[in-house]
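As given, the protein sequences belong to chains A and B, one line each in that order. For the first sequence, the working numbering gives the first residue as 1, with consecutive numbering after it. For the second sequence, the working numbering gives the first residue as 89, with consecutive numbering after it. A virtual CB, placed ideally from N, CA and C, is assigned to each residue, including glycine. Since the model is a prediction, treat every value here as computed from it, not as a measurement. Okay, structure first, notes after.
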Amino acid sequence: MIVPRKLTAAVFVALLALTGSSVGAAYLDLGVFNTILALAIAGVKASLVALYFMHLRYSSKLVWLFAGGSFFWLGILLALTLNDYLTR
Amino acid sequence: MKHYLNAGYSVGSWLLTRDHKRIAILYLLSVTFFFFIGGAFATLVRLELMTPAGDLVISETYNKLFTMHGVAMIFFFLIPAIPTVIGNFLVPLMIGARDLAFPRLNLASWYLFTAAGLLALGSIIFGGVDTGWTFYTPYSTTYANTHVFLMAAAIFVAGFSSILTGLNFVVTIHKMRAPGLTWSRLPLFIWSTYATALLFVIATPVIGITLALIAIERLLSVGIFDPALGGDPLLFQHLFWFYSHPAVYIMVLPALGVVSELVATFSRKRIFGYGFVAGSSLAIAILGFLVWGHHMFVSGQSMYAGMIFSILSFLVAIPSSIKVLNWTATLYRGSISLRTPMLYAIGFMGLFTIGGLTGLFLATLGIDVHVTDTYFVVAHFHYIMVGGTVMAYMGALHYWWPKMTGRSYPEAWGKLSALIIFIGFNLTFFPQFILGYLGMPRRYHAYPEEFQVLNVLSTAGASILGVGYIFPMFYFIGSLFARKKIGDNPWGATGLEWRTSSPPPEDNFRETPVVTEEAYDFAKAEEPELP
Numbered sequence: 001m002i003v004p005r006k007l008t009a010a011v012f013v014a015l016l017a018l019t020g021s022s023v024g025a026a027y028l029d030l031g032v033f034n035t036i037l038a039l040a041i042a043g044v045k046a047s048l049v050a051l052y053f054m055h056l057r058y059s060s061k062l063v064w065l066f067a068g069g070s071f072f073w074l075g076i077l078l079a080l081t082l083n084d085y086l087t088r
Numbered sequence: 089m090k091h092y093l094n095a096g097y098s099v100g101s102w103l104l105t106r107d108h109k110r111i112a113i114l115y116l117l118s119v120t121f122f123f124f125i126g127g128a129f130a131t132l133v134r135l136e137l138m139t140p141a142g143d144l145v146i147s148e149t150y151n152k153l154f155t156m157h158g159v160a161m162i163f164f165f166l167i168p169a170i171p172t173v174i175g176n177f178l179v180p181l182m183i184g185a186r187d188l189a190f191p192r193l194n195l196a197s198w199y200l201f202t203a204a205g206l207l208a209l210g211s212i213i214f215g216g217v218d219t220g221w222t223f224y225t226p227y228s229t230t231y232a233n234t235h236v237f238l239m240a241a242a243i244f245v246a247g248f249s250s251i252l253t254g255l256n257f258v259v260t261i262h263k264m265r266a267p268g269l270t271w272s273r274l275p276l277f278i279w280s281t282y283a284t285a286l287l288f289v290i291a292t293p294v295i296g297i298t299l300a301l302i303a304i305e306r307l308l309s310v311g312i313f314d315p316a317l318g319g320d321p322l323l324f325q326h327l328f329w330f331y332s333h334p335a336v337y338i339m340v341l342p343a344l345g346v347v348s349e350l351v352a353t354f355s356r357k358r359i360f361g362y363g364f365v366a367g368s369s370l371a372i373a374i375l376g377f378l379v380w381g382h383h384m385f386v387s388g389q390s391m392y393a394g395m396i397f398s399i400l401s402f403l404v405a406i407p408s409s410i411k412v413l414n415w416t417a418t419l420y421r422g423s424i425s426l427r428t429p430m431l432y433a434i435g436f437m438g439l440f441t442i443g444g445l446t447g448l449f450l451a452t453l454g455i456d457v458h459v460t461d462t463y464f465v466v467a468h469f470h471y472i473m474v475g476g477t478v479m480a481y482m483g484a485l486h487y488w489w490p491k492m493t494g495r496s497y498p499e500a501w502g503k504l505s506a507l508i509i510f511i512g513f514n515l516t517f518f519p520q521f522i523l524g525y526l527g528m529p530r531r532y533h534a535y536p537e538e539f540q541v542l543n544v545l546s547t548a549g550a551s552i553l554g555v556g557y558i559f560p561m562f563y564f565i566g567s568l569f570a571r572k573k574i575g576d577n578p579w580g581a582t583g584l585e586w587r588t589s590s591p592p593p594e595d596n597f598r599e600t601p602v603v604t605e606e607a608y609d610f611a612k613a614e615e616p617e618l619p
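See the structure below:
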């Protein structure tokens, strides 16, 4: 077992708590910051899943490279799509 | 002698195999089946277009015919064909490994592909889909009245098959190369398969997510693509082409790798500028992600985005032309033999160049506005997909058939069918460039009378092309019953796959090979067994 059971449980609880905070934040009227807050919470959750559930934290540099590459490609998708939406 | 084909004759020994070579044969049967399904729809399309009036089928049926032709050919033949048949068979053999890194996952990929194929067949049998293979919203959402959901589910599942295959190839190529087989010694087919595998892993999830978003919108009424719910139909096109443009490179990159192998072997020369040819595969894979908006020049995307995508699209021409120019330079002063696989490779070089150059026309904003959704576009992508990918696939089948089966095909018939395919292909698709330039739109079952001559030529070409494809099926099957076996390296080729017996044993190599020289070192290669 790579990740101690206690840590896995703690990450699971954290993910549940963050999901609750996502729901809670949706009831607040923060203007544009609603979206930013929701994305920030989602980002933290995704990082926890990648680091602990997917064992990235304990993996070799090559695996980090591939994980980083996939985020870079997500960046390409967002950047070139916004390149259209922001210039219409 | 014991080899992978006679290791077991029961159905179970095939359906539960973990041998990459047997899985390749399973894929060969599957994709060939879909090639003929897609071909049958193409035949009906061409028959309808023989006459200007829409007299063979009604327009709704015609919409279904071209949609199912596209879906069958793209998702169930062109995308999987070279990676899953030729790649599955060759990747472990070429790198000196006993199998892929995850043999069970490899079999699971084939089962997912088969499940997807059955879903697609179900959709076809229940009445088909009429959205076009692109599934554009709102055809696939608000106005969907055919079996879109079933077909979308099929493509969703097929996507997972692709992702798992890609993952398997990436891990295998990183981790299981024979001692001494450094990255700079890898065969170029491995480089292009590696680039393709990266595309499988990075691009394919996006089509799955996009199809899932359609389901979410329809089932939960969340506004994503439907303007009435606050969504944007162009978002679908962005997401769809983020996958589907790289998918074009999924189709053509393995073909480029095949041609590199064929040109080197049949010129008996190390490929000119090995490093550039290998690097250009990765460059095409990366640049292929930055150009999707050229499918959307007239969609309503911003003019600025159109300009950016236009400029980026031109960049893809650089690594593509590096390949063609380096193959040409390899031929120069080479010891060329025009065997059947080489005929396909040379045919590929010409047709791929025409397809690529007309791609530059289409990357030019002004010209694209004129020819968008005309037969010019249809001709362009068929020159890449059929003139490129299918020609290379046929070349690969002929080249590695002796390795796969231990038998040779009849050379004269091989050359004849290559010639028939080349003539039939050009007669089918060259007139479509002219038709498109003159303004004939795609996806209509009727057209003005002045377009008839070119359409009749195209249909005549398609029938010749069909004959060209049927010949090899007969002589390949016939060759299996031939008594005469062929040697382990009939072409005098380099590469580890030729160092083992034909057909290879179950574990590929009796001893792990050690690599001490660069790829394509023909000075040390055996002489060809075949004249």
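Local conformation of T462 (chain B) per DSSP, three classes: strand
Sort B:W279, B:F324, B:S368 by Cα distance to K411 (chain B) and report the nearest one. B:S368
For the region 56–73 of chain A, enumerate the residues whose C-beta is nearer than 9 Å to any C-beta of chain B, in chain order. L62, F66, G69, S70, W73
For I455 (chain B) and M264 (chain B), what's the separation of their Cα atoms in angstroms? 48 Å
Return helix, strand or coil for L529 (chain B), following the three-state DSSP convention. Looking at the sequence itself, residue 529 (chain B) is Pro, so the reference to Leu does not match. In this structure, P529 (chain B) counts as strand in the three-state DSSP scheme.
My output table needs one value for T230 (chain B): the three-state DSSP class, helix, strand or coil. coil
Closest to V404 (chain B) by CA distance: which of B:F385, B:L307, B:T441, B:V347 is it? B:T441
Please compile the residues from chain B whose C-beta is within a distance smaller than 9 Å of the C-beta of L39 (chain A). Result: empty, since nearest Cβ-Cβ is about 16 Å, beyond 9 Å.
Can you tell me where the alpha helix (DSSP H) holding T284 (chain B) begins and where it ends? 276–308
Report all residues from its chain with a CB closer than 8 Å to the CB of V268 (chain B); omit the five preceding and five following residues, and keep chain order. It is worth fixing the name first, because residue 268 (chain B) is Gly in this sequence and not Val. Excluding residues within five positions, the ones whose Cβ falls inside 8 Å are V602, V603, T604.
The alpha helix (DSSP H) that contains F440 (chain B), what's its start and end? 428–451
Please classify V99 (chain B): is it buried, with 16 or more other beta-carbons within 10 angstroms of its beta-carbon, or exposed? exposed
What residue range does the alpha helix (DSSP H) around P592 (chain B) cover? Counting along the chain, P592 (chain B) falls outside any alpha helix (DSSP H), and DSSP gives it neither H nor E.
Please state the DSSP three-state secondary structure of K357 (chain B). coil
Reference S398 (chain B), options B:V386, B:P407, B:P171, B:S409, closest by Cα: B:V386
Check whether H108 (chain B) and F177 (chain B) have beta carbons under 9 Å apart: yes
Is the beta carbon of T222 (chain B) closer than 9 Å to that of S332 (chain B)? yes
Thinking C-beta only, is I552 (chain B) closer than 9 Å to S600 (chain B)? The sequence as given places Thr at residue 600 (chain B); Ser does not occur at that position. Their beta carbons are not under 9 Å apart, which means T600 (chain B) does not touch I552 (chain B) by this criterion.
The region 438–463 of chain B: which residues have C-beta closer than 7 Å to a C-beta of chain A, in chain order? none
If you pair each beta-carbon of the region 171–188 of chain B with each one of the region 562–582 of chain B, do three or more pairs fall below 8 Å? no
In chain order, what residues of the same chain have a beta carbon less than 8 Å from the beta carbon of Y463 (chain B), not counting five sequence neighbours either side? Q520, F521, L523, G524, M528, P529, R530
Contact set between the region 18–35 of chain A and chain B, restricted to residues whose Cβ is under 9 Å from the partner: none
By Cβ distance below 6 Å, which residues in the same chain neighbour V197 (chain B) in space, the five residues on each side in sequence not counted? Before going on, a small fix: residue 197 (chain B) reads as Ser here, not Val. S249, L252, T253, listed in sequence order.
For W586 (chain B), I'd like the list of residues in its chain whose CB is within less than 6 Å of its CB, leaving aside the five on either flank, ordered along the chain. N577
Chain A contacts from the region 540–551 of chain B (Cβ-Cβ distance under 8 Å): none
Closest to L7 (chain A) by C-alpha separation, out of A:A17, A:Y52, A:N83, A:G24, would be which residue? A:Y52
Tell me which residue opens and which closes the alpha helix (DSSP H) that Y392 (chain B) is part of. 391–419
Measuring straight from C-alpha to C-alpha, what distance separates S355 (chain B) and G363 (chain B)? 18 Å
In chain A, what lies closer than 8 Å to V294 (chain B) by C-beta? L77
Would V365 (chain B) pass as an interface residue toward chain A - the criterion being a Cβ-Cβ separation below 9 Å? no
Contact criterion: CB-CB distance below 9 Å. Does H91 (chain B) meet it with respect to chain A? no
How long is the line joining the alpha carbons of L153 (chain B) and F330 (chain B), rounded to whole angstroms? 25 Å
Can you name the residues of chain A whose CB is closer than 7 Å to the CB of H333 (chain B)? The contacting residues do not exist; H333 (chain B) stays about 11 Å from chain A at best.
Ignoring anything shorter than 4 residues, give me the alpha helix (DSSP H) runs that lie fully in the region 139–176 of chain B, in order along the chain. 147–161
Tell me whether the beta-carbon of P429 (chain B) lies closer than 9 Å to the beta-carbon of W380 (chain B). no
Taking only beta-carbon positions, decide if T87 (chain A) is within less than 9 Å of chain B. yes
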